[in-house]
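Heads up: the structure comes next, in structure tokens.
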Amino acid sequence: AQKVTQAQTEISVVEKEDVTLDCVYETRDTTYYLFWYKQPPSGELVFLIRRNSFDEQNEISGRYSWNFQKSTSSFNFTITASQVVDSAVYFCALRLPGGYQKVTFGTGTKLQVIP
Amino acid sequence: DVKVTQSSRYLVKRTGEKVFLECVQDMDHENMFWYRQDPGLGLRLIYFSYDVKMKEKGDIPEGYSVSREKKERFSLILESASTNQTSMYLCASSLYDSRGEQYFGPGTRLTVT
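Read top to bottom, the protein sequences are chains R and Z. For the record, in the first sequence the residue sitting at position 52 is 79 according to my numbering, with numbers rising by one throughout. For the record, in the second sequence the residue sitting at position 54 is 85 according to my numbering, with numbers rising by one throughout.
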């Protein structure tokens, strides 16, 4: 069975600080996909990024970056120079290949960016 | 613009009532999902469907059923609502390809009194 752990329940940072959200996953499969989603206060989850298990390159998109390390089964998300608009709940998720496969979500990390 | 819509944002029902939550997507996605979201528990999968008339149990299917008669519509049914089913319900869709990201609806906050 798959498992995704987001140990940080809530994080508060002051605007412009950098913050890293942790995600640790468990699976016995060698092929899998990892995702990050953002849920702003309005409630609708929005897709941020996907990573497949064969691609360990880190990715940067503007102020967002992701560090995928298979050796530690982690897929961490860093926001640089945080802004108030980054305040949201962030979810990490894992899915195995096959359209019949379900998606396993972590419990989420609530990020509050204080102006 | 891709869209997943849910029939209601807020719903209040009485214990024992039969409740229907409707979800419609316009992206021709094969997969559709129903989750419930509760504080501290994250998103828990209730049911999902990978094709018309196909359904798979998720992690917490007890007390729920689903219906998918058309590709674009996925309904969640609470046969006899109970207070412990008070929650936020989220619908999502994705391509059959498991690399595909999920697109979520705005959610329905259901209160059972």
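Ideal placement from N, C-alpha and C gives every residue a C-beta, glycine not left out. Fair warning: this is a prediction, and the values are worked out from it, not measured in the lab.
Query	Result
Are at least three pairs of beta-carbons, each pair with one atom in the stretch 127-142 of chain R and one in the stretch 91-107 of chain Z, less than 8 Å apart?	no
Within 10 angstroms of its Cβ, does residue 63 of chain Z collect 16 or more other Cβ (buried), or is it exposed?	buried
In whole angstroms, what is the alpha-carbon distance linking residue 49 of chain R and residue 132 of chain R?	13 Å
Restricting to Cα atoms, I'd like to know which of Z:131, Z:121, Z:102 and Z:116 is closest to residue 39 of chain Z.	Z:121
Please list the partners that residue 132 of chain Z has in chain R, where partner means a Cβ-to-Cβ separation under 7 Å.	62, 74 and 77
Using the Cβ count rule (16 or more neighbours within 10 Å means buried), how would you classify residue 90 of chain R?	exposed
Rounded to the nearest angstrom, what separates residue 43 of chain R and residue 107 of chain R at their Cα positions?	7 Å
Mind listing the chain R neighbours of residue 137 of chain Z? Cutoff is C-beta to C-beta under 9 Å, in chain order.	69, 70 and 71
Can you list, in chain order, the residues of its chain with a C-beta nearer than 6 Å to that of residue 111 of chain Z? Leave out the 5 residues immediately preceding and following it.	47
Can you check which of these residues, R:34, R:39 and R:28, is closest to residue 114 of chain R by C-alpha distance?	R:39
Please name the residues in the stretch 118-130 of chain Z whose beta-carbon is closer than 9 Å to at least one beta-carbon of chain R, in chain order.	119, 121, 123, 125, 126, 127, 128, 129 and 130
Looking only at C-alpha atoms, which of R:55, R:137 and R:119 sits nearest to residue 74 of chain R?	R:119
If I'm right that residue 136 of chain R touches residue 32 of chain R with Cβ under 8 Å, what's the distance once you round it to whole angstroms?	11 Å between Cβ atoms; not a contact.
Can you tell me which of the three DSSP states residue 116 of chain Z falls into?	helix
Compare the Cα-Cα distances from residue 66 of chain R to each of Z:136, Z:144, Z:59 and Z:141 and report the closest residue.	Z:136
CB-CB under 8 Å to residue 75 of chain Z, same chain, minus the five flanking residues each way: which ones, in chain order?	66, 67, 68, 69, 89, 90 and 91
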